[in-house]
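Enquirer: This structure is in structure tokens; I'll ask about it shortly.
Residue numbers (our numbering): 48 to 587.
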């Protein structure tokens, strides 16, 4: 079937014309070619970083931007500023973010003989805030490479002579064991360079302008040194003398190097501890800075007080008093030395009082025999005795103070045994049923060398026991007792009768039995069996 024989509808769909298709194809080809050669990506929005350089060197647009040797962007624009600086605009990819406010930007050369420059970025420390897009990095945080022309300009004749001397001395140092020592020290370079880089980074300071302020301060110091050239020359001469003295002690210096190595080994942990403490010290310094600034007025107000204090410590005041008290100081020192025993005994007494005596005084005393008096502590029981003692002390006459006592008695005779075994007798109205506390079987051992503070608190729960022997009189006399009673009664009646008649007599109650015999002989009398006093035979 031919193409012309194919049946067709009344309405046919019309396509794009050849011209339109050619235009579209041309636009696509041009766009692809542009993107391929310019690497332009309309959907890519990189981070734009701006840095201000005092001298940007020969860095151009399209120069790579690196962080730690990794490409993270490129330079898009380099333009001069009115103040003689250069503004470098860079585009940073996402892998190079974030950039901190304390970031450092340097222009470096990829070749030894200059040329082919790139921008090296140190993104900053984690403690610093992020740098906002469009915010420039100041010139004090940027640097450009030293070019060969600057180096050659610095190498004048005197500098070249010094360099020759330096190289000659280095060759002398590398002779013998010097080169081997240098090779052995290479293994320590990594740590040394790392620590040195940290120190160099710390010299930049923590705030913008810290390094500038340090340099300004150093410039003032150097200007002060340059004002007096004679003094500076004398300083150099004195340093020469000092180093010459060190040179004369070469053997001692050589022997001190191993000791210095040991010092460095010990000092490294100390420096690490100090390094860990520096953030806290820095924070304290920042917090204390407002107080230090505001203390100016307080110090001004304190000046009159300081003036008075200065007068107080003058020779006429406190200094003179110290001079007067100076002879007393040795005596006070001797007193302090000799007071140690007293303080030791005082401490032992205080400990005994706190640990033994006070708990004993506060311990309730159980008394089952008298329930109303039970549970009373010692300090309450003893204080009640002072009431009666105070009443007794009030009695007095012209002779002296006195107090009355009232003796008691009864039909019951109580017999107890003393410490030495003797028998003691007493009278009581009623017989004694029991005794509390009971006497111990033996006297406790006296141990003066045992500290009181280590003893247990006394146990006040005393046990009861059998009382001592007691006998109650029945009121009836035995025959012997009745006979003795009748004799004594007759003697008393005879004494009263003779005394009434005015005759010599003898009171049987005033003398003992032996005394009665002696008094009777003296008076020429004697007692009869009937209890009568008669004249002794042979006496008138």
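Just so it is clear, CB atoms sit at the ideal spot from N, CA and C, and this is done for glycine as well.
#1: Output yes or no for whether 8 Å exceeds the beta carbon distance between residue 72 and residue 191.
#2: Quick one: any contact between the stretch 488-500 and the stretch 510-518, if contact means 3 or more CB pairs under 8 Å?
#3: Following the continuous beta strand (DSSP E) through residue 370, name the residue where it begins and the one where it ends.
#4: Could you pull the DSSP bridge partners for residue 137 from this structure?
#5: Going by Cα to Cα distance, which pick from 565, 569, 579, 291 is closest to residue 535?
#6: Note the first and the last residue of the continuous alpha helix (DSSP H) segment covering residue 558.
#7: Can you find the residues in the same chain that come closer than 7 Å, C-beta to C-beta, to residue 291, ignoring five residues on each side of it along the sequence?
#8: Looking at residue 134: is its Cβ nearer than 8 Å to the Cβ of residue 80?
#9: Could you check if residue 417 is buried or exposed, using at least 16 other CB atoms within 10 Å of its CB as the buried criterion?
#10: State the Cα-Cα distance for the pair residue 224 and residue 231, rounded to the nearest angstrom.
#11: Given this structure, state the Cα-to-Cα distance separating residue 262 from residue 256, to the nearest angstrom.
#12: Less than 8 Å separating the beta-carbons of residue 461 and residue 479?
#13: Would you call residue 60 buried or exposed, if buried means 16 or more other Cβ atoms sit within 10 Å of its Cβ?
#14: My output table needs one value for residue 235: the three-state DSSP class, helix, strand or coil.
#15: Among 115, 252, 387, which has the Cα closest to the Cα of residue 175?
#16: Rounding to the nearest angstrom, what Cα-Cα distance links residue 526 and residue 538 in this structure?
#17: Since residue 498 contacts residue 395 with CB under 8 Å, what's their CB separation in whole angstroms?
#18: May I have the straight-line CA-CA distance separating residue 314 from residue 306, to the nearest angstrom?
#19: Distance check for residue 483 and residue 575, CA to CA, integer angstroms please.
#20: Give me whichever residues DSSP pairs with residue 167 in a beta bridge.
#21: Output needed for residue 500: all residues of its chain with C-beta closer than 7 Å, excluding positions within five of it in sequence on either side, in chain order.
#22: To the nearest angstrom, how far is the alpha carbon of residue 564 from that of residue 449?
#23: Under 8 Å: do the stretch 176-187 and the stretch 209-223 share three or more Cβ pairs, one atom per stretch?
#24: What does the alpha-carbon distance come out to for the pair residue 581 and residue 552?
#25: Name the residue from 474, 446, 444 whose alpha carbon lies nearest to the alpha carbon of residue 458.
#26: Taking the beta carbon of residue 272 as the centre, do at least 16 other beta carbons fall within 10 Å, making it buried, or is it exposed?
#27: Can you name the start and end residues of the beta strand (DSSP E) that residue 582 belongs to?
#28: Residues bridged to residue 482 by DSSP?
#29: What is the DSSP secondary structure of residue 177, counted as helix, strand or coil?
#30: Let me know the secondary structure DSSP gives residue 250 once reduced to three states.
#31: Quick one: using the 10 Å Cβ neighbour count with 16 as the cut-off for buried, is residue 100 buried or exposed?
#32: Measuring CA to CA, which of 248, 113, 361 is closest to residue 168?
#33: Counting contacts by CB-CB distance shorter than 8 Å, is residue 247 in contact with chain C?
#34: Classify residue 375: buried if its beta carbon has 16 or more other beta carbons within 10 angstroms, exposed otherwise.
#35: Report the partner residues of residue 475 according to the DSSP bridge assignment.
Expert: Concretely, from the data shown:
#1: Translated into positions along the chain shown, residue 72 becomes position 25. Translated into positions along the chain shown, residue 191 becomes position 144. No.
#2: no
#3: Within the chain shown, the letter at position 323 stands for residue 370. Unbroken run through residue 370 is the alpha helix (DSSP H), 365-372; no beta strand (DSSP E).
#4: Residue mapping note: residue 137 aligns to position 90 of the chain shown, counting from 1. Paired residue(s): 96, 122.
#5: Here residue 535 corresponds to residue number 488 of the chain shown, with the count starting at 1. The shortest C-alpha separation from residue 535 is found at 579.
#6: As a first step, residue 558 must be located in the chain shown, where it is residue number 511. From DSSP, residue 558 is part of no alpha helix (DSSP H); its letter is neither H nor E.
#7: One-based indexing of the chain shown puts residue 291 at position 244. Excluding positions up to five away in sequence, the list is empty.
#8: Translated into the one-based positions of the chain shown, residue 134 becomes position 87. Translated into the one-based positions of the chain shown, residue 80 becomes position 33. Going by C-beta atoms, residue 134 is not nearer than 8 Å to residue 80.
#9: In the chain shown, the residue the question calls residue 417 occupies position 370. Burial call: exposed.
#10: By one-based count along the chain shown, residue 224 stands at place 177. By one-based count along the chain shown, residue 231 stands at place 184. Their backbone Cα atoms lie some 10 Å apart in a straight line.
#11: Stepping through the chain shown from its first residue, residue 262 is reached at position 215. Stepping through the chain shown from its first residue, residue 256 is reached at position 209. Taking the straight line joining both Cα atoms gives about 10 Å.
#12: On the chain shown, position 414 is the one that residue 461 refers to. On the chain shown, position 432 is the one that residue 479 refers to. Yes, they are a contact pair.
#13: Your numbering for residue 60 matches position 13 in the chain shown. Because the pLDDT of residue 60 is 48, which lies under 50, any placement of that residue in the model is unreliable, and the number read from its coordinates should be weighed accordingly. With fewer than 16 other Cβ atoms within 10 Å, it is exposed.
#14: In the chain shown, residue 235 corresponds to position 188, counting from 1. It is helical.
#15: Taking the chain shown and counting its residues from 1, one reaches residue 175 at position 128. For the residues 115, 252, 387, the minimum Cα distance to residue 175 belongs to 252.
#16: Along the chain shown, one-based indexing puts residue 526 at 479. Along the chain shown, one-based indexing puts residue 538 at 491. Computed Cα separation, rounded: 18 Å.
#17: Taking the first residue of the chain shown as position 1, residue 498 is located at position 451. Taking the first residue of the chain shown as position 1, residue 395 is located at position 348. With 8 Å as the limit, residue 498 and residue 395 qualify as a contact, their Cβ atoms being about 6 Å apart.
#18: Translated into the one-based positions of the chain shown, residue 314 becomes position 267. Translated into the one-based positions of the chain shown, residue 306 becomes position 259. Taking the straight line joining both Cα atoms gives about 12 Å.
#19: Taking the chain shown and counting its residues from 1, one reaches residue 575 at position 528. Taking the chain shown and counting its residues from 1, one reaches residue 483 at position 436. If you take the alpha carbons of residue 575 and residue 483, they lie about 52 Å apart.
#20: Residue mapping note: residue 167 aligns to position 120 of the chain shown, counting from 1. Per DSSP, 113, 153.
#21: In the chain shown, residue 500 corresponds to position 453, counting from 1. These residues qualify, in order along the chain: 395, 398, 399, 402, 403.
#22: Start at 1 with the first residue of the chain shown, and residue 564 comes out as number 517. Start at 1 with the first residue of the chain shown, and residue 449 comes out as number 402. Whole-angstrom Cα-Cα distance: 38 Å.
#23: no
#24: What you label residue 581 is simply residue 534 of the chain shown in a count that begins at 1. What you label residue 552 is simply residue 505 of the chain shown in a count that begins at 1. Computed Cα separation, rounded: 10 Å.
#25: The sequence position of residue 458 within the chain shown is 411, counting from 1. Residue 458 has its Cα closest to that of 474, out of 474, 446, 444.
#26: Mapped onto the chain shown, residue 272 falls at position 225. Exposed: under 16 other Cβ atoms inside 10 Å.
#27: As a first step, residue 582 is located in the chain shown; it is residue number 535 there, counting from the start. It spans 580-582 - the beta strand (DSSP E) in which residue 582 sits, taken as one unbroken run.
#28: Taking the chain shown and counting its residues from 1, the one referred to as residue 482 is at position 435. Partner(s): 512.
#29: Position 130 of the chain shown, counted from the first residue, corresponds to residue 177. It is a strand residue.
#30: Residue mapping note: residue 250 aligns to position 203 of the chain shown, counting from 1. Reduced to three states, the DSSP call for residue 250 is coil.
#31: Here residue 100 refers to the residue found at position 53 when the chain shown is read from its first residue. Burial call: buried.
#32: For the purposes of this step, residue 168 is taken as the residue at position 121 of the chain shown. Looking at the Cα atoms, 113 is the closest of the given residues.
#33: Any reference to chain C falls outside this structure, which holds one protein chain only.
#34: Along the chain shown, one-based indexing puts residue 375 at 328. The residue in question, residue 375, is exposed, as its Cβ has fewer than 16 Cβ neighbours within 10 Å.
#35: Here residue 475 is taken as the residue at index 428 of the chain shown, counted from 1. For residue 475, which the question treats as bridged, DSSP gives the partners 459.
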